[in-house]
Amino acid sequence: MTRFKICGLSTPETVDAAVSVGAFALGFVFFPRSPRHLSPEQAAGLLVRVPEGRRRVAVLVDADDALIDAVLAAGIDTLQLHGAETPERIAAVATRTRRPVWRAAGVATQADIRAAVAAAGPAEWLLLDAKAPRETASGEATLPGGNGLAFDWRLLQGTNIGRPWGLGGGLAPGNVAEAIAAVQPGFVDVSSGVESRSGVKSVEKIKAFAAAVMA
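First residue of the sequence shown? That's 130 in the numbering used here, and the numbers climb one at a time after it.
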């Protein structure tokens with residue numbers, strides 16, 4: 130069975146739902162521009178609900194060492210870097226914290242995929258997400274992830290990633306089974322696809338997503 134991560138969790142009920150349906154990783158966003166943003170203090174109260182054996186993942190965008198230290202102190206055990214971090218920065222974070230580091234990268238073309246693989250450095254996992262457009266329809270800058278967009282999964286067919294990788298971007302209960310069948314990622318990552326509105330997770334959609342993955 131393909132493993133799955135529920136990202137952008139922010140309430141006790143949805144954390145409990147993600148645990149109960151078997152998510153191997155739970156993601157918590159520490160990025161003020163995101164509607165899913167948490168402070169380390171807010172996250173600490175949620176992280177205690179995640180049992181041992183599940184990954185507690187911090188989603189970070191060009192975070193400094195002080196923020197990384199704060200989220201680790203709150204109970205995070207895995208760092209997902211989703212900004213412009215270089216391979217050298219990824220290596221430095223992994224060495225300094227002695228924690229698993231994941232690299233998330235937005236892609237839209239095969240060239241983007243090749244660049245993401247080359248730039249992942251010592252990351253434990255490479256998460257391939259949809260590249261965000263520069264602006265939303267209203268003219269606002271988009272977020273690095275969690276925009277509800279998908280890229281063309283066919284770009285991955287026949288592509289040798291050469292390292293453990295996961296798939297994100299635009300996944301939801303209605304299409305995740307198709308994505309898994311098409312490219313067989315090591316795990317799938319969902320955020321906006323299990324929300325009732327921007328930044329608000331739905332227990333029912335979390336359950337539906339898990340059921341679709343396990344079907």
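Even glycine gets a Cβ: it sits at the ideal position worked out from N, Cα and C.
Return the residue from the list the options that minimises the CA-CA distance to residue i.
i: G204; options: S327, P293 and Q171; result: Q171
i: W294; options: V177, L155, A234 and T140; result: A234
i: F157; options: S149, G151, V150 and K134; result: K134
i: T140; options: A344, V332 and K336; result: V332
i: G137; options: R326, A344, Q286 and R225; result: R326
i: T143; options: L285, G328 and L256; result: G328
i: D193; options: G291, L300 and R225; result: R225
i: G182; options: V148, T215, P161 and D198; result: V148
i: R228; options: P161, V200 and P164; result: V200
i: D281; options: D318, G287, R243 and T238; result: T238
Below 8 Å on the Cβ atoms is my guess for residue i versus residue j; work out the distance and round it to an integer in Å.
i: D191; j: G212; result: 4 Å
i: T131; j: P314; result: 7 Å
i: L210; j: V230; result: 6 Å
i: I219; j: A252; result: 6 Å
i: R232; j: L256; result: 7 Å
Do the CB positions of residue i and residue j come within less than 8 Å of each other?
i: A245; j: V236; result: yes
i: D241; j: G297; result: no
i: V305; j: F338; result: yes
i: V188; j: F159; result: yes
i: R185; j: L208; result: no
i: I335; j: V323; result: yes
i: P164; j: A202; result: no
8 Å is my cut-off, CB to CB: does residue i come that close to chain D?
i: T238; result: Here chain D cannot be found, since the structure has a single protein chain.
Helix, strand or coil: which one does DSSP assign to residue i?
i: E324; result: strand
i: D145; result: helix
i: L138; result: coil
i: D318; result: strand
i: R132; result: strand
Length at least 4, wholly inside the stretch 150-195: the alpha helix (DSSP H) runs in chain order
As far as the stretch 150-195 is concerned, its whole alpha helix (DSSP H) runs of at least 4 residues are 169-176.
4-residue-minimum alpha helix (DSSP H) runs that sit fully inside the stretch 229-312, ordered along the chain
239-248 and 305-312
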